[in-house]
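What follows is a short report on a single structure.
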Amino acid sequence: MRTKAMLFVLVLLPIVAVIIAWGGVASADAPAGFTMVAENEHLELYLNADIVEFAVLEKASGEMWFSNPVDREQKETVVGGVNKQRLNSQLTLTYFVSNQQRQMDSYNDSVLLEQHEIIPLSNGFRVDYDIGKKWLDTDYLPLIIAEDRFNQFLDKIESASDRQFLRKQYALFTLEEGYVDAEQFSILGVDLPSLLGDYGFNVSENFRANDKRRLLQEYLVLIRDGQGYESLGGVTHEDISPSFETPTLMFRWNVMQWDKDRAMQIFRDYGYTPEEVANDHLAYRAVPPYPDLRNFEVSVEYVLDGPSLIARILGESVVYPDKVYDPVEDDYVSYPLAQISLLSYFGASDSDSEGYILLPDGSGALIYANNGKTNATPYTRSVYGRDLSASPAAEYSSTLKDQIYLPVFGMKDGNKAFFAVIEEGDAMANLQATVSGMRDSFNKVWPTFGFIPQARVFLDAEGELIHLRRLSLNMYQSRPYRGDMTVRYHFLTGDDADYAAMASLYRDYLVEQHDLKRLEPVSHLPVILEFMGSIDVVRPVLGLPTNVVVPLTTYHQAEAILESMLDQGISEIIVRYLGWLKGGINHIYPTRATLEGKVGSSLELQHFTGFLKNNGIELFPDVSFTEMRRNRAFDRFIGFLHAPRFLNRRQAYINVHDIATYQPIAARQISLISPAQFPQLIEGFMDDYRKLGIKGLSPGGLGHQLFSDFRVEPRDLVDRQEAQRIITEQVERMTQGGTELMMDRPNAYLFPYTKYIVNAPMYAHGLDIVDRSVPFYQMVISGYLGYGGHPANLADQTSRPYLLKMLETGSMPVFTIAEAPTSDVKHTDFDHLYSLTYANLSNDITQLYEEANQVLADLWHLLIVGHSRLLPGVFLTEYEDGTAVIVNYNREPVEVLDMEIPAEDYVVTTAQRGW
0 MRTKAMLFVL VLLPIVAVII AWGGVASADA PAGFTMVAEN EHLELYLNAD IVEFAVLEKA
60 SGEMWFSNPV DREQKETVVG GVNKQRLNSQ LTLTYFVSNQ QRQMDSYNDS VLLEQHEIIP
120 LSNGFRVDYD IGKKWLDTDY LPLIIAEDRF NQFLDKIESA SDRQFLRKQY ALFTLEEGYV
180 DAEQFSILGV DLPSLLGDYG FNVSENFRAN DKRRLLQEYL VLIRDGQGYE SLGGVTHEDI
240 SPSFETPTLM FRWNVMQWDK DRAMQIFRDY GYTPEEVAND HLAYRAVPPY PDLRNFEVSV
300 EYVLDGPSLI ARILGESVVY PDKVYDPVED DYVSYPLAQI SLLSYFGASD SDSEGYILLP
360 DGSGALIYAN NGKTNATPYT RSVYGRDLSA SPAAEYSSTL KDQIYLPVFG MKDGNKAFFA
420 VIEEGDAMAN LQATVSGMRD SFNKVWPTFG FIPQARVFLD AEGELIHLRR LSLNMYQSRP
480 YRGDMTVRYH FLTGDDADYA AMASLYRDYL VEQHDLKRLE PVSHLPVILE FMGSIDVVRP
540 VLGLPTNVVV PLTTYHQAEA ILESMLDQGI SEIIVRYLGW LKGGINHIYP TRATLEGKVG
600 SSLELQHFTG FLKNNGIELF PDVSFTEMRR NRAFDRFIGF LHAPRFLNRR QAYINVHDIA
660 TYQPIAARQI SLISPAQFPQ LIEGFMDDYR KLGIKGLSPG GLGHQLFSDF RVEPRDLVDR
720 QEAQRIITEQ VERMTQGGTE LMMDRPNAYL FPYTKYIVNA PMYAHGLDIV DRSVPFYQMV
780 ISGYLGYGGH PANLADQTSR PYLLKMLETG SMPVFTIAEA PTSDVKHTDF DHLYSLTYAN
840 LSNDITQLYE EANQVLADLW HLLIVGHSRL LPGVFLTEYE DGTAVIVNYN REPVEVLDME
900 IPAEDYVVTT AQRGW
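Below is the structure:
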């Protein structure tokens, strides 16, 4: 156990000694109760050691951010008691007792108990927390004790009244040989003559017979519980031998609670510990107090690094009760630590705040401060989407359309804001947010890190009870995550305190970290064409239903389509080709780059790639390394070996849902491929793929699907953070080998290896608490990566709103096309591709492209530096050269900024100061 004496909170230490210990000086800017503990050219870090809260001062602006809400005692009106005290905490731990979720926090369960230590660092400080009350207050009170031991303790008490009070709470007795009490009594179920033998129960107090009987009975109860007997009749003559000829004190059974509390406090104040209580009880074979095993240890560092603050949970410092012996249960128990929430109240704004919370949900989402949605579900989503291996999605939800792609979050409060980047443990993190009135009186956003991921597993069983109540239990990852959990907080003020500045800050951060390169200017806006090469369908063959491959676009047909587009003046074309591998879109296990013959031969592919090269068209054939949609008998994929495991240890899969019922279609489950197989699988495929001489590749869901492999053996487990590392390493090897990548809505960790992005998120698809979408994703990658959204011909909206969204976000047009008629996909697993045929789409493609090209061709390579909502349905996007694009989604014209924007139209102008 760490030392429980707080380093800088000893009441007797003068404040000067505290300052000297930090090597710092008092500052005029320090809030009351705070001391400056670190400083650099940009920031000052202050600490209130009494409750372990801190504040960060930005020198240039004089603005300050606090780890906990300011004036919370007065402004908190929703909760009280322990929940109000939780506003003082920096950590919240979520753990499980059996299947029941419990929580502790760093203030109520550590700081208040003085179970923490503050360690100075050169540029900040570290806090070592012991979280969890080891001993109850009653554990400090001996229920039975030898008189001489008791008197030794009384000698330590200075107050005569306290000594007298404490002695009155105890009754003195002795088991004396040959003693005969004139008053006879009995105890139900106890043979007193056999138990006492030649000894008599001599009570020194002036007790009646009933009181003597009760005193002896309470003594036997202590022995019964201590020895584990089922009844008082189990107590033996030997068990009571410690009282033979030994004056013994028993705590009276009829003491009032307030007197009991005073007695406990006296024992605590004069250093009598539960360990001593245990020794005194064991001397009489009585039940000792047992420590509460629900104790956790966590260390957190707070350090200044340039213009930012770093908060880091040290992964190796985390200790939780794992297979510890519980003497009460006489068994080994565990209390799995599922999650750790970090700085839940950092920068929290109150009910008077004007601002918002920024979340990277889909394209980006804003939650307005004090939006009144107190009955909505609090925001909580996993960074980088659901862990598909945790459990299958039982029902369809709109949140499955998109996910969190960026490990960031932020909050604006008036003229200041903070923006946070999760640097370590990002794959294990969830983002959470609430508004004022929902759980307390403050608006806040924070990260929660999974330490031991868990899922509730429902048992398959039959019986009357099961029909009434489904039985379930928790299943856990076989080992905890042991990496650090690090968040970097940036600070913004004045005109820079908005989500546009946050996007610029994060973009600069990525450029610095990964040396991203700017896009080159182009004369024409590129367009992405997704060719559907082939699909598999079930058709009768010799009277038997057989899965066969049907070509939708051969290489020769794709060449003809591209020639048509070139003839129409569309020259900057990027091709993504799906369904070219053996088996079609649902291709075979990709150990090699085996062509689907119905799309074309290797010679036809060579001719096609030659045509593309001659016309400056880039090609990115698509392959899936994460999903096994077709499993043939002679493939190398063996589910038992190559599929990841759910937390229930079954082979993991993805559910395909019926949109009409929202329920999964059992016959269309898609197997997953374990991240542990990626190195061998991808390297083998790439060795064969490079022989085709194609420079580009589209690695399917590898960009956005991040999942674990919950194997039982810890050495075989691949947690989500490790899966991210494996994917990043494999993608890096692809690019080091000269391959250029088109990613399908990639997560941020793959930006450095991406040339083009397809299906970039255009909207937020979060919960009801979200107020509106913002193109944060596009603002971050603008000027560095080419990106397009969902295919225009398969979009939810008509072509006009789609065009406006392209112009608002600076996106390339994307189309999914095929030569075959759309009827070829009707009543198949691909009927969502309801508008494919190029012949029917040609005019729409040309019209949409020409209009987008007029606006975006000159803006393709520029940074988006500003974005704002001018009116409901009216948005302004500003580029680094001063160009502003204003779009009006409304069905009526609007007047804004001294200009009229027609209905469902746009205006390109020059940004003016003061907009």
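The sequence shown begins at 0 in numbering that gives the first Met the number 0 and counts up by one.
Just so you know, even glycine gets a beta-carbon here, dropped at the ideal spot from N, CA and C.
Remember, predicted model here, so these are calculated numbers, not experimental data.
Report back the beta-carbon spacing between residue i and residue j to the nearest angstrom; my notes put them in contact at under 8 Å.
i      : j      : result
Phe417 : Trp64  : 6 Å
Leu671 : Pro643 : 5 Å
Leu365 : Tyr355 : 5 Å
Gly809 : Thr876 : 7 Å
Met627 : Tyr588 : 6 Å
Ser697 : Asp621 : 4 Å
Gly583 : Ile534 : 5 Å
Gln168 : Arg85  : 35 Å between Cβ atoms; not a contact.
So, at 8 Å on beta carbons, what are the nonlocal neighbours of residue i in its own chain, with the 5 sequence-adjacent residues on each side left out?
i      : result
Phe59  : In the sequence on display, residue 59 carries Ala and not Phe. Closer than 8 Å at the Cβ level, and outside the excluded window around Ala59, lie His41 and Thr492.
Asp767 : Lys372, Ala375 and Thr376
Val420 : Pro406, Val407, Val486, Arg487, His489, Tyr505 and Tyr508
Met733 : Ile681, Met685, Leu696, Pro698, Leu740 and Tyr752
Gly409 : Ile356, Leu357, Ala416, Phe417, Phe418, Ala419, Val444, Tyr498 and Met501
Lys322 : Tyr331, Val332 and Ser333
Using a Cβ-based criterion (distance less than 7 Å to any ligand heavy atom), does residue i qualify as near the ligand MG?
i      : result
His236 : Among the components of this structure there are no ligands whatsoever, and the ligand MG is therefore not found.
Start and end of the alpha helix (DSSP H) containing residue i?
i      : result
Asp161 : Ala159 to Lys167
Leu806 : Ser798 to Thr808
Ala557 : Tyr554 to Asp566
Trp257 : Gln256 to Asp268
Leu191 : Leu191 to Leu195
Alpha carbon to alpha carbon, how far is residue i from residue j?
i      : j      : result
Pro684 : Tyr45  : The residue you asked about is not Pro; residue 684 is Phe in the sequence shown. Approximately 55 Å, taken between the alpha carbons.
Asp439 : Gly865 : 33 Å
Glu891 : Phe95  : 55 Å
Asn122 : Tyr301 : 8 Å
Pro192 : Ser185 : 10 Å
Met263 : Ser158 : 15 Å
Val24  : Leu806 : Residue confidence for Val24 is low, a pLDDT of 45 falling below 50, so the modelled location carries little weight; the figure read from the coordinates is stated next. Answer to the nearest angstrom: the Cα atoms are 54 Å apart.
Glu558 : Leu847 : 21 Å
Gln650 : Glu903 : 49 Å
Ala856 : Ile900 : 22 Å
Asn87  : Arg710 : 39 Å
Ala145 : Thr247 : 5 Å
Glu463 : Ser471 : The predicted position of Glu463 is uncertain, since its pLDDT is 49 and thus under 50; a value taken from the coordinates is nonetheless stated next. So the alpha carbons of these two residues sit roughly 16 Å apart.
Taking the beta strand (DSSP E) that residue i belongs to, which residues open and close that run?
i      : result
Leu855 : It is not in any beta strand (DSSP E) - Leu855 instead sits in the alpha helix (DSSP H) that spans Tyr837 to Leu855.
Gly123 : Gly123 to Ile130
Tyr355 : Gly354 to Leu358
Arg724 : Looking at the DSSP string, Arg724 is not in any beta strand (DSSP E); the run it does join, the alpha helix (DSSP H), is Arg719 to Gln735.
Met474 : Ser471 to Tyr475
Tyr289 : Taken as a continuous stretch (DSSP letters only), Tyr289 belongs to no beta strand (DSSP E), as it is neither H nor E.
Val323 : Val323 to Asp325
Quick check on residue i: buried or exposed, where buried means 16 or more other Cβ atoms within 10 Å of its Cβ?
i      : result
Phe200 : buried
Asn107 : buried
Trp257 : exposed
Asn923 : Within the shown structure, residues of the chain are numbered from 0 to 914, placing residue 923 beyond reach of any answer.
Phe530 : buried
Gly702 : buried
Pro13  : Confidence in Pro13 is poor, its pLDDT being 33 and thus under 50, which makes the residue's placement unreliable; the coordinate value appears in the next sentence. Exposed, by the Cβ-count rule.
Asp190 : exposed
Ala666 : exposed
Phe457 : exposed
Ile130 : buried
Leaving aside the five residues before and after residue i along the sequence, list all residues of the same chain whose C-beta is less than 6 Å from its C-beta, in chain order.
i      : result
Val987 : What the structure shows of the chain is the stretch from 0 to 914, and residue 987 is not part of that stretch, so it cannot be assessed.
Asp412 : Ser348, Ser352 and Gly354
Ile725 : Pro674 and Phe677
Asp687 : Arg591 and Ala592
Keeping to the same chain, check which residues put their C-beta closer than 7 Å to that of residue i; ignore five residues upstream and five downstream.
i      : result
Gly22  : Reliability of the predicted coordinates at Gly22 is poor, the pLDDT of 48 falling under 50, and no value is obtained from them.
Ser798 : Ala791, Asp843 and Leu847
Glu519 : His860
Val536 : Val547, Val549 and Thr827
Answer yes or no: does any C-beta atom of chain B fall closer than 8 Å to that of residue i?
i     : result
Pro30 : Among the chains in the structure shown there is no chain B, since it carries only a single protein chain.
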